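Asks:
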Amino acid sequence: MMKGLKKWRLFSLLAVMTVFLSACGEDYISTLKPAGAVGKEQLNLLLFSITIMALVVIVVSFLYLYAFVKFRRSKQGENHMPKQVEGSHTLEVIWTVIPIILLLILAVPTLISTYKLADVKAMDEVDEEGNKSALTVNVTAKLYWWEFEYPEQGIVTAQELVVPTGEKVYFNLKAADVKHSFWIPSIGGKMDTNVENVNKFYLQFDEESKDLEEGVFFGKCAELCGPSHALMDFKVKTLAPEEFEDWVASMQATEGQVASPDSTDLGEATFANSCLACHAVSGVGASGAMGPNLTTFGDRNRVAGVLEHNKESLEKWITNPESVKPGNLMTGKYGELSEEEISAVADYIMSLSVEE
């Protein structure tokens, strides 16, 4: 008796936790609080499917309880034999047709949404001057960071995707090493990034991120890709269209910007000698760099995608990146740097910014 009660207590506790946890989730990372047209449509489809499945569970449970109560032995007697329905064509048709109808009810809107959200023909449309009318971002997933290239604007950044609100943004997704998966929970998705081929889809960002607690939406890698998979985050900054154009102009204005090994600033000189081979400090260029572009590092929300954005975290990352993200591919002369040089490099990198 006591064992049975303990099992029911555990079940009740899990049920209560499920109810409470279902309400958890911040605006910047919750699929249940979508901030984009794609995410809203996917949530509506999810709720519709849950409603259909809940209806099936309720009906089946009712029939079970009804039979359990009506045909119990104490009421019908020991020798009661229920009506035999074996071979009933009517029943066979009913329990075959009803599931087919339910599957069609689920399948039709699912297929419509799938094809709608996969329609990327507008990605190739051009205006009268031959310029592409839609914003396209080339996303490259790497161990364990993200690179974002804006081919029409001629700029590239890393770890923080910047997009305008109120319009469709098209993505070309690929991976540089192993399979990853691009996912912005509050906006929509997700889609795999493969080494062999490019996947394409679009998202729409309806709300500006500046009003969020963190100031950005959170993006994740949703495909197990190695020991630091859980730490392969990126951030999404959504701006009003005119602010996005200002950001693009600020990035384009960094063309030719480079760290000088002859600089009198110890941090810049050390960076030029030890880091510049892998990390660019100009936002103008193409994808394919060995390490993340650092042009906007001072404007970011995190260090290495997961640490607090401050000098101490950056020094920790420079000193021993393996302790932060096991299996990452950062290599270089940072192991030979003195504490003074590491501090100076951290100051220089934190100063890199395009936002006023």
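Quick note: the sequence shown uses the UniProt record's numbering, first residue 1, plus one each step. The C-beta atom is built at its ideal place from N, Cα and C for all residues, glycine as well. Treat the numbers as computed from the prediction; the structure is a model and nothing was measured.
Does DSSP classify H279 as helix, strand or coil?
Replies: coil
Asks: Spatial neighbours of L103 within its chain, please: CB distance less than 7 Å, with the 5 preceding and 5 following residues excluded, ordered by chain position.
Replies: none
Asks: If we count the other Cβ atoms within 10 Å of its Cβ and call it buried at 16 or more, is H127 buried or exposed?
Replies: Correcting the residue identity first, residue 127 is Asp in this sequence and not His. By the 10 Å Cβ count, D127 comes out exposed.
Asks: So, at 7 Å on beta carbons, what are the nonlocal neighbours of P321 in its own chain, with the 5 sequence-adjacent residues on each side left out?
Replies: N328, M330
Asks: Name the DSSP bridge partner or partners of D192?
Replies: S181
Asks: The alpha helix (DSSP H) with Y202 in it runs from where to where?
Replies: Not the alpha helix (DSSP H): Y202 falls in the beta strand (DSSP E), residues 199-204.
Asks: What residue from T140, V303, F71 has the CA that sits closest to N79's CA?
Replies: F71
Asks: Given the structure, does G291 come close to the ligand ZN, in the sense that its CB is under 7 Å from one of the ligand's heavy atoms?
Replies: As far as ligands go, the structure on display features none, and thus does not contain the ligand ZN.
Asks: Taking C-alpha atoms, which residue in T96, S313, M251, C275 lies nearest to S260?
Replies: C275
Asks: Report the CB separation of V120 from K200 in whole angstroms; it is logged as a contact under 8 Å.
Replies: 5 Å
Asks: How would you write the range of the alpha helix (DSSP H) that D246 sits in, first residue to last?
Replies: Here the alpha helix (DSSP H) through D246 covers 241-252.
Asks: If we call anything under 8 Å between Cβ atoms a contact, is H279 one with G267?
Replies: no
Asks: With a cut-off of 8 Å on the beta carbons, I'd call A222 and S181 a contact; round off their distance for me.
Replies: 4 Å
Asks: Do N131 and E152 count as a contact pair if the criterion is CB distance below 8 Å?
Replies: yes
Asks: In three-state terms, what does DSSP make of A141?
Replies: DSSP places A141 in the strand class (E or B) of the three-state scheme.
Asks: Which word fits F62, buried or exposed, when buried means at least 16 other C-beta atoms lie within 10 angstroms of its C-beta?
Replies: Burial call: exposed.
Asks: Please report how far the alpha carbon of L43 lies from the alpha carbon of G226, in whole angstroms.
Replies: 29 Å
Asks: Helix, strand or coil: how does DSSP classify residue 369 here?
Replies: No information on residue 369 is available, as it lies outside the stretch 1 to 356 that the chain covers here.
Asks: Thinking just about the alpha-carbon of each residue, which of V248, E340, I29 is nearest to the one in F218?
Replies: Shortest Cα-Cα distance from F218 to any of V248, E340, I29 involves I29.
Asks: Using the Cβ count rule (16 or more neighbours within 10 Å means buried), how would you classify Q84?
Replies: Flag for Q84 reads exposed.
Asks: Here's a check: name, in chain order, each residue in its chain whose Cβ is nearer than 6 Å to the Cβ of W183, leaving out the five neighbours to either side.
Replies: G189, K190, K220, A222
Asks: What's the C-alpha gap between A253 and T110?
Replies: 45 Å
Asks: So Y170 and T136 are in contact, right, with Cβ under 8 Å, and what is the actual spacing, rounded?
Replies: 5 Å
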